[in-house]
Every structure is written in structure tokens, then in C-alpha cells.
Amino acid sequence: MKKPNMILLMYILVLQLLDLLTTYLAISHGARELNPLVTPTIENPIAFLTVKLVAAAVVYLGVLKTKNKTLLLAYTIIMVQTVIANMLNTIL
Numbered sequence: 075m076k077k078p079n080m081i082l083l084m085y086i087l088v089l090q091l092l093d094l095l096t097t098y099l100a101i102s103h104g105a106r107e108l109n110p111l112v113t114p115t116i117e118n119p120i121a122f123l124t125v126k127l128v129a130a131a132v133v134y135l136g137v138l139k140t141k142n143k144t145l146l147l148a149y150t151i152i153m154v155q156t157v158i159a160n161m162l163n164t165i166l
């Protein structure tokens, strides 16, 4: 794998990991999962992790195939917003 591709993959995986961790943290503080695709998996950590890995793979392959920086920017904005919302649900 080329170095730029590895960096892109790591970037996407880190964002997914942050989402996963902050989601569980927020839920442990009384928040609820709003994503209907993820809600059925939230009680099963393996299923939840699988969904996150599939999502990361789809984004990674989509960015690689299209070379679309707008897709990566949109993904970044959505993921950062999600992590911030999860953190706010934890502290508020």
C-alpha cells in the first residue's frame, strides 16, 4: 500500500474510533444512539465495531476510487461534528 493511502486509511480509522469511543461514553452518560443504521448494534460491541469498520472501508474506497476531496471533507465534518456532539452529551 502506498504511504498516502495508508495515511488516508489511518485517518479514517482514527475518526471512526473516536466516534465509537465517544458514542459508548455518551451512552454510558444517558445519551442514545440516533443513527438508525447503528442503533440495532449498540448492545453488541462486535457488531458495532463491524459496522464502524465497514463504514470506514466504504469511505476509504470511495475516496480512493473517486479521488474526491469533497467527499473526504464532508466525511471529516460529519465525523468531527458527531464526536463533538457525543462529548457534549457526556459533559452536559
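Just so it is clear: in the sequence shown, position 78 is 152 by my numbering, and no numbers are missing. We put the beta carbon where it would ideally sit given N, CA and C, even for glycine.
Item, Value
"Three-way DSSP call (helix, strand, coil) for V112 in this model", "coil"
"Among T96, V132, V112, the one whose alpha carbon lies nearest that of T164", "T96"
"Same chain only: Cβ atoms within 7 Å of L92, ignoring 5 sequence neighbours per side", "V157"
"Whole-angstrom C-beta distance between L83 and Y149, which should lie under 8 Å", "The pair is not a contact, with the Cβ atoms about 13 Å apart (cut-off 8 Å)."
"Neighbour-count burial assignment, L94, 16 or more Cβ in a 10 Å radius", "buried"
"T124 beta carbon less than 9 Å from that of T113", "no"
"Cut-off 7 Å between Cβ atoms - residues of its own chain near A121, not counting five sequence neighbours on either side", "T115"
"Chain-order list of residues whose beta-carbon lies under 7 Å from that of I86 (same chain, five-residue window excluded)", "A130, V133, Y134"
"Option nearest N79 by Cα separation, candidates I152, S102, K139", "K139"
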